[in-house]
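Asker: I am attaching a structure below and will ask some questions about it afterwards.
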Ligand code: ADP
Ligand code: MG
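Residue numbers (the numbering used here): 485 to 842.
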C-alpha cells in the first residue's frame with residue numbers, strides 16, 4: 485500500500501519520434517514500407533520500426549528483435565529468480581557463474597562506474613529499494629537507514645574473474661541504468677545481421693537509429709521538455725543512439741511536498757537535486773549513452789561539462805544538458821543538428837567549448 489500523500493507519476497517516453505517520420509516513405513520511388521512492433525518489456529514500452537522493401541524480412545527482423553529483448557530481460561532481471569543477476573545477488577558471498585554477455589555487461593557497468601568515479605553505481609539497489617523506486621511504493625527513508633544501506637553499496641567491491649561474479653552478502657547488482665542501452669545495441673546488431681538498413685528503435689525513451697531514413701536523410705527526433713508537455717527542440721541524426729535521463733520522468737512527491745526523482749546520488753543516498761533538469765547523451769552505442777546520461781545527471785552541470793571535456797575524444801559522445809533555470813548547454817556538433825522549438829525561445833543556448841576550461 486502506498487503511504488498517504490505519496491504520489492507517483494510516470495511519463496514513459498523522453499524522446500519522441502516526430503509524427504511524419506513513420507510515414508516518410510509515401511510518395512518515394514523506392515518501395516520501403518514501415519513495419520512496427522510495440523510491446524512492454526524491461527519495465528517500459530518499446531516500439532521498433534523497420535523500413536524495408538521486403539515485408540517478410542522486416543517482420544522476421546522485428547520478431548527476432550523482440551525475442552532478443554525477452555532473452556536479455558530473462559538474463560538481467562533483478563526480480564526474476566531464474567536470471568543471472570538474481571543468481572549473482574543471491575550467491576551468499578560465493579562466486580556465481582554467469583553467461584558471457586552478462587559478465588561483459590557487468591564489466592561495462594563497473595568500468596563506467598570507475599570512469600565516473602561512482603556517479604554511476606550499479607550496486608545502489610538496496611538504497612533504491614528503501615526509497616521504493618523498485619516496487620513503486622515510494623517513501624522517504626530515514627537518514628540512519630540510508631547511511632546503513634550505503635554500507636552495502638560499492639562497485640569497487642564486486643569481484644569479477646572471467647564469468648564468475650562474487651558479491652558480498654547483502655550487496656545487490658542492478659543493470660537498471662545501463663541495461664536498456666546494452667539491449668538496444670544488441671537489437672541494432674540483430675537488425676544489421678538481417679540486412680535491415682533503416683530502422684528506428686524506441687526503447688522506453690532511448691532512441692537508437694539503424695542507418696538513416698529510407699530516402700537517405702537524417703531522422704528528426706523530438707526532445708521532450710523536462711518542464712511539462714511537448715518538446716523543447718528537435719535533433720537530426722543517423723546511425724546514432726540518443727538517451728535522456730532526468731528526474732521528471734519517474735518521481736514522487738513526498739509528504740513534505742518535495743519532489744523526489746528516481747536517480748540517486750550514490751555519495752548521499754538522496755535523489756539528485758542539483759539544478760539539472762535533464763541530460764541527453766548522443767553517441768554510437770546505446771550502452772555508453774545510457775551509462776553517461778544517468779551519471780552526468782548525478783554529477784551536475786559543472787562536473788558533467790568537465791567529464792565531457794576530459795573524455796569526449798576517447799569516448800566520442802555529445803551532450804545536451806538542460807538546467808532547471810531553462811538553460812541549454814550543448815556541444816557544437818549537436819548545435820548544428822538541433823532546432824529550438826518556437827515556444828521555447830526563452831531558453832538560453834550555450835555552446836560548450838572543448839578547449840576552454842570554465
Ligand atoms: P530510465 O531507466 O528511466 O531510462 P536511467 O537510465 O537514467 O533512466 O536509469 C535510472 C535507473 O537506474 C533508476 O530507475 C534506478 O533503478 C537506477 N539508478 C538510480 N540512480 C542510479 C545511479 N546513481 N547509478 C546507477 N543506477 C541508478
Ligand atoms: Mg541510463
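Beta carbons: idealized from backbone N, C-alpha and C, even for Gly.
If you're wondering where the values come from, they're calculated on a predicted model, not measured in any experiment.
(1) So which of 592, 635, 729, 655 has the shortest CA-CA distance to residue 470?
(2) Look up residue 530 in the DSSP assignment and say whether it is helix, strand or coil.
(3) Specify, as a first and last residue, the run of the alpha helix (DSSP H) that residue 659 falls within.
(4) List in chain order: all unbroken beta strand (DSSP E) runs of 3+ residues lying wholly within the stretch 692-730.
(5) Using only the alpha-carbon positions, how far apart do residue 761 and residue 547 sit?
(6) Quick check on residue 831: does DSSP put it in helix, strand or coil?
(7) Give the range of the beta strand (DSSP E) segment to which residue 811 is assigned.
(8) Taking only runs of the alpha helix (DSSP H) that begin and end inside the stretch 604-649, which ones reach a length of at least 4 residues, in chain order?
(9) Are the stretch 679-698 and the stretch 798-808 in contact at 8 Å, needing three or more beta carbon pairs?
(10) By the DSSP assignment, the beta strand (DSSP E) with residue 585 in it spans what residues?
(11) Would you give the residue range spanned by the beta strand (DSSP E) that residue 826 belongs to?
(12) Going by DSSP in three states, residue 580 sits in which element: helix, strand or coil?
(13) Do the stretch 736-754 and the stretch 613-628 meet, that is, are 3 or more Cβ pairs less than 8 Å apart?
(14) At a threshold of 7 Å, does residue 664 count as lining the ligand ADP (C-beta to nearest heavy atom)?
(15) Going by DSSP in three states, residue 737 sits in which element: helix, strand or coil?
(16) For the 8 Å Cβ check, are there 3 or more pairs between the stretch 585-605 and the stretch 768-787?
(17) CB of residue 667 to nearest heavy atom of the ligand ADP: below 7 Å?
(18) Report yes if the C-beta of residue 778 is less than 7 Å from at least one heavy atom of the ligand MG; otherwise report no.
(19) Can you tell me which of the three DSSP states residue 521 falls into?
(20) Can you list, in chain order, the residues of its chain whose CB lies under 8 Å from that of residue 576, leaving out five sequence neighbours each side?
(21) If you run the structure through DSSP and keep just helix, strand and coil, what is residue 482?
(22) Hey, out of 602, 708, 829, whose CA is closest to residue 753's CA?
(23) Quick check on residue 492: does DSSP put it in helix, strand or coil?
(24) Taking all protein chains shown into account, do 16 or more other C-beta atoms lie within 10 angstroms of the C-beta of residue 586, making it buried, or fewer, making it exposed?
(25) Could you check the C-alpha separation between residue 736 and residue 616 for me, to the nearest Å?
(26) What's the C-alpha gap between residue 609 and residue 638?
(27) Would you say the beta carbon of residue 747 is closer than 7 Å to some non-hydrogen atom of the ligand ADP?
(28) Rounded to whole angstroms, how far is the Cβ of residue 672 from the Cβ of residue 694, which I believe are closer than 8 Å?
(29) Give the C-beta separation of residue 764 and residue 724 to the nearest angstrom, bearing in mind that I take them to be a contact with Cβ-Cβ under 8 Å.
(30) Would you say the beta carbon of residue 740 is closer than 7 Å to some non-hydrogen atom of the ligand ADP?
Answerer: In this structure, then:
(1) Only positions 485 to 842 of the chain appear in the structure, and residue 470 is not among them; the question remains open.
(2) Strand.
(3) From DSSP, residue 659 is part of no alpha helix (DSSP H); its letter is neither H nor E.
(4) Qualifying beta strand (DSSP E) stretches, in chain order: 703-708, 715-721, 725-730.
(5) Those two C-alpha atoms are separated by around 36 Å.
(6) The three-state secondary structure of residue 831, taken from DSSP, is coil.
(7) Here the beta strand (DSSP E) through residue 811 covers 811-815.
(8) Within the stretch 604-649, the alpha helix (DSSP H) runs of at least 4 residues that lie entirely inside it are, in chain order, 609-614, 627-634.
(9) The stretch 679-698 vs the stretch 798-808: no contact.
(10) Residue 585 -> not in any beta strand (DSSP E); alpha helix (DSSP H) instead, spanning 584-599.
(11) First-last for residue 826: undefined, no H or E at that position.
(12) Residue state, collapsed to three classes: strand.
(13) Yes, since at least three Cβ pairs between the stretch 736-754 and the stretch 613-628 fall closer than 8 Å, the two stretches touch.
(14) Indeed, a heavy atom of the ligand ADP lies less than 7 Å from the Cβ.
(15) Note: residue 737 maps to strand in three-state DSSP.
(16) Flag = yes, the stretch 585-605 and the stretch 768-787 touch.
(17) Outside the cutoff, so no.
(18) Set against 7 Å, the gap from the CB of residue 778 to the closest heavy atom of the ligand MG is smaller.
(19) Looking at residue 521 - three-state DSSP - the assignment turns out to be strand.
(20) Contacts found: 653.
(21) What is shown of the chain runs 485 to 842, which leaves residue 482 out entirely.
(22) The candidate whose alpha carbon is nearest that of residue 753 is 602.
(23) Below a pLDDT of 50, predicted positions are generally treated as unreliable, and residue 492, at 35, falls in that range; the measurement from the model is reported next regardless. Strand, per DSSP.
(24) Flag for residue 586 reads buried.
(25) C-alpha separation (whole angstroms): 10 Å.
(26) Whole-angstrom Cα-Cα distance: 11 Å.
(27) True, at least one ligand heavy atom lies under 7 Å from that Cβ.
(28) Confirmed, about 6 Å.
(29) Contact doesn't hold; Cβ gap of about 11 Å is too wide.
(30) The answer is no for residue 740.
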